[in-house]
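These notes are about the structure you will find just below.
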Amino acid sequence: MRYKLRTIDVWDTLLRRDCHPECIKLATARHVLLGWPDHLKPDFQEHWALYRARIDAERFLAEAARSEGQDDEYEISAVLHQWLLAVFCRPFDTTLPCKLAEFELQVEIARSFKDPDIEDFLLAYPAERNYFLSDFYMNSSMLGRLLEEKGLGALVCEGIASCEIGLNKRSGRLFQHVHSLHGIFPKEHVHVGDNRWSDIEAAEKSGVTAVHYLPATLHAERLARERLFSSREALFEHIRTLCADEALQASQGMSAKQAAAFRLGADAAPLFIGFALWIAEQALVKKLDQLHFLTREGEFFHQVFTALFPQQTFFGHTLPPSNILAVSRLSTFVSSLREVTIGEMSRIWDLFKEQNVAGMFVTLGINIADFKEILNQLELKPEDVIEIPQQNSALNKLFGTPEFVNALQNSIARQQSLLCDYLIQNGWQSDVKIGVVDIGWRGTIQDNLALVMSETNLHGMYLGLRRFVNPQPDNVSKSAYGPNENISSNANDLFEVFAALEMLCMSAGGSVVGYRRTPDQILACRQVSGDENAAYDQFTRYFQQGILLAAKHWRLYIERYVISASELQNTALRVWATLRSAPSVDLAELFIQTPQHDVFGFGDFFNRNQAPSLTAILLAPLVKERRRQLIEFIRRVQWSAAIQHINGLSRFHRWTLVFTFRFANQVRRLRMKVQCFRNRDDAKM
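Quick note on numbering: the UniProt record's numbering labels position 215 of the sequence shown as 215, and the sequence is numbered without any gaps.
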């Protein structure tokens, strides 16, 4: 039989989505949250709260339509206008609802695809004319654009959406309207759709020939996609399983250790994905003009960031331009010195409790050979390591020596000129708001940069933040995706593994030690350590590759299911906690075997695998020098779980060392609480 009219449902008949339908509304909520954060009422500072307010607006308009004798239908621009009235605390541009409707249409276009079998299926139901018929809040013009984008314009070039006339298929009144509009009898009309009630039973009650289109495989895939919407835990586990399976396949042909590192990276990806996602959120909410990822760890973070946002867009907003900024404590500290005093040096010495004399001269960019005579007079040897340098009389005298002061002033001027020009070369200006990204832990490089560029506002974004030791510059703000001891008074055990995290996020390019001027530009000078790069080549490279592989999967699901950094945070912190308490043997052994380069304090490479002897540990409470050695080892290593992988220790020696580490951590937590109480008491006074 050839019908006069064939109408076809749109969703899950002509078109399908790669996500749950409600994800489209959630994406619009996310778009508003990131674009107009200062317009939102306090109760709507989260995209799920905005989404629920959208549902309330739809319900309000549906009830209003029913009270006027229509079906419970509403048009998208009206919904969005009603929604903004409810969630905004200030007036908005009257064109904004229409702009948001256009954004939502673009999301539908991005998330939808043509049903692969529908055209062949329709051949069995020929008709003189084709029409799409949809219970939907977008009008026929918007649906027509969507169908045209998906290559269905020739099949169905016109149609009706329920929101246009206030009648829908569920009530059957839309079918009756179509019959009246086209002057046909119900028996001359065939309708194809997936919904058991709206497309079949309601159509049949209206006398229409109804054809149920519900292909088993496509319908099962749809249900699976929609189930992921109901539970973030289920969604995250689904993504991690996909990543693990692909990592297993991709690691074929690698050595056992390389493959293990690669798979560990894929499994640990949520920590770094969440961090990158949070950076993008911060960039928009804080209205940052530029993003600068600080070397060395920032080089890897930038890779993750660009893997997640290859088009530099985020839910309809353009992210600020981003680049890698070659900086370090060493390359920025001298430039930030405001005067030649012990007080200024304390900004470093409060962080590093010891100072190697030769290392200090390297830090300050002064040739120690020029001061051999003065050092001899002060009885200071280059190899001396001074405890509590602020209180050392010889160092105080050195900083009062005119020759030393003059040399340091010249070094400050020289290095400050180079650093300022390097920053300006990278777009730093007084009228821009800069975002800086680093792993942590106190943001001292950011402080240095802020002191050098005092007219530029710097917002720092870190994986974690320890309690600030130095006064914070006025043009600085800092936040952390993970633990922040400046917000919580509790010392966080996650910081035990900070040095291992640095190793996992390092680059092979070496540390920045300064800058040099060429005729065309300022170039960063780097010092590459073969020992550090051995760890990178053996483990870190493959760990990072596993994360970047996982980022491809996470990017798709972040867009489809509208995942926020806060939703991923618990999963991310569980990754961090697992790395701390239950590291792989390969990771722990590599950490112990990799020396730590310490210019500021120790002045040399510190070997973590040279543990204090059992005798030194037992004598530490009684002998000052033994106690100093033990405390220094604990301070530099910190990670108690890694101690179990130091070779050459007896079981009792290893157990004693682990116990000492745990005891030291308990003492640190107690000190944090005491300091918190003191701060509260000071605030009350």
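By construction, the Cβ of each residue, glycine as well, lies at the ideal position given by its N, Cα and C atoms.
Expected contact under 8 angstroms - CB spacing of isoleucine 279 and methionine 461 to nearest Å: 5 angstroms between Cβ atoms; contact.
Continuous beta strand (DSSP E) assignments of at least 3 residues falling wholly in the region 264 to 349: 290 to 294 and 322 to 325
Could you check the C-alpha separation between arginine 517 and methionine 345 for me, to the nearest Å? 27 angstroms
Quick one: measure Cβ to Cβ for phenylalanine 113 and arginine 16, integer angstroms, because I've assumed they're closer than 8 angstroms. 6 angstroms
Quick check on the burial criterion: 16 or more other C-beta atoms within 10 angstroms. Buried or exposed for alanine 326? buried
In chain order, what residues of the same chain lie with their CB nearer than 6 angstroms to the CB of glutamate 226, ignoring the 5 residues before and after it? His20
Near alanine 683, which residues of its chain fall below 7 angstroms by C-beta distance, leaving aside the five closest residues on each side in sequence? Reliability of the predicted coordinates at alanine 683 is poor, the pLDDT of 49 falling under 50, and the value obtained from them is presented with this limitation in mind. Around alanine 683: no qualifying Cβ.
Check whether the Cβ of arginine 347 lies closer than 7 angstroms to any heavy atom of the ligand SAM, and answer yes or no. You won't find the ligand SAM in this model; it holds no ligand whatsoever.
Quick one: grab the DSSP three-state call for cysteine 89. coil
At the level of alpha carbons, what is the spacing between tryptophan 48 and alanine 27? Each residue's CA atom was taken as its position, placing tryptophan 48 and alanine 27 some 10 angstroms apart.
Excluding the five sequence neighbours on either side, which residues of its own chain have a C-beta within less than 8 angstroms of the C-beta of tyrosine 3, listed in chain order? Scanning its chain for C-beta atoms nearer than 8 angstroms, with the 5 sequence neighbours on each side dropped, one finds around tyrosine 3 the residues Tyr125, Pro126, Ala127, Glu128, Glu188, His189, Val190 and Thr209, in chain order.
Leaving aside the five residues before and after phenylalanine 229 along the sequence, list all residues of the same chain whose C-beta is less than 8 angstroms from its C-beta, in chain order. Cys19, His20, Glu22, Cys23, Leu235 and Tyr561
Beta-carbon separation of serine 140 and valine 10 under 8 angstroms? Contact: no.
If you count every other CB in all the chains shown that lies within 10 Å of the CB of aspartate 528, and 16 or more means buried, which is it? Checking the displayed sequence, the identity of residue 528 turns out to be valine instead of aspartate. By the neighbour-count criterion, in which 16 or more other beta carbons inside 10 Å mark a residue as buried, valine 528 falls on the exposed side.
Let's test the definition: count the other Cβ atoms within 10 Å of the Cβ of asparagine 195 and tell me whether it reaches 16, buried, or not, exposed. Buried, since its Cβ has 16 or more Cβ neighbours within 10 Å.
Do leucine 463 and glycine 443 count as a contact pair if the criterion is CB distance below 8 angstroms? no
Glutamate 253 by DSSP, collapsed to three states: which one? Correcting the residue type first, residue 253 is glycine in the shown sequence and not glutamate. Of the three classes helix, strand and coil, the one that applies to glycine 253 here is coil, per DSSP.
For methionine 453, name the three-state secondary structure that DSSP assigns. In the structure shown, the three-state DSSP call for methionine 453 is coil.
The beta strand (DSSP E) that contains aspartate 438, what's its start and end? 433 to 438
Just to confirm my understanding: we take histidine 553, look at its own chain, exclude 5 residues before and 5 after, and list those with CB closer than 8 angstroms. What are they? Ile239, Leu242, Cys243 and Glu246
8 angstroms Cβ cutoff met for leucine 378 and leucine 408: no
What are the boundary residues of the beta strand (DSSP E) that includes leucine 523? 522 to 527
Output needed for glutamine 416: all residues of its chain with C-beta closer than 7 angstroms, excluding positions within five of it in sequence on either side, in chain order. Ser335 and Val452
Using 10 angstroms around the beta-carbon of phenylalanine 659, count the other beta-carbons present and answer buried if the total reaches 16, otherwise exposed. exposed
To the nearest whole angstrom, what separates the beta carbons of aspartate 72 and alanine 57, a pair I think is in contact under 8 angstroms? About 13 angstroms separates the two Cβ atoms, so there is no contact after all.
Within its chain, find whatever has a CB closer than 7 angstroms to the CB of threonine 313; leave out the 5 residues flanking it on each side and keep chain order. Leu319
Where the beta strand (DSSP E) containing isoleucine 191 begins and where it ends: Isoleucine is not the amino acid found at residue 191; the sequence shown has histidine there. Per DSSP, histidine 191 belongs to the beta strand (DSSP E) from 189 to 193.
Per-residue burial, leucine 579 [other beta carbons within 10 Å of its own, 16 or more giving buried]: buried
For isoleucine 412, which residues of its own chain have a beta-carbon under 8 angstroms away from its beta-carbon, when the five flanking residues on both sides are left out? Val334, Ser335, Leu337 and Val340
Nearest to alanine 65 by CA position, among Asn168, Leu152 and Asn130, is which residue? Asn168
Which complete alpha helix (DSSP H) runs does the region 361 to 428 hold, if anything under 4 residues is left out? 372 to 377, 393 to 398 and 402 to 425
So, with DSSP's three-state summary, where would you put lysine 25? helix
What three-state label does DSSP hand tyrosine 536 in the structure shown? helix
When DSSP labels each residue in this structure, what does leucine 501 get in the three-state scheme? DSSP, read as helix, strand or coil, puts leucine 501 in helix.
Close Cβ partners of glycine 151 (< 8 angstroms) along its chain, the five nearest in sequence each way excluded: Lys114
Hey, how far is the Cα of methionine 503 from the Cα of glutamate 119? 55 angstroms
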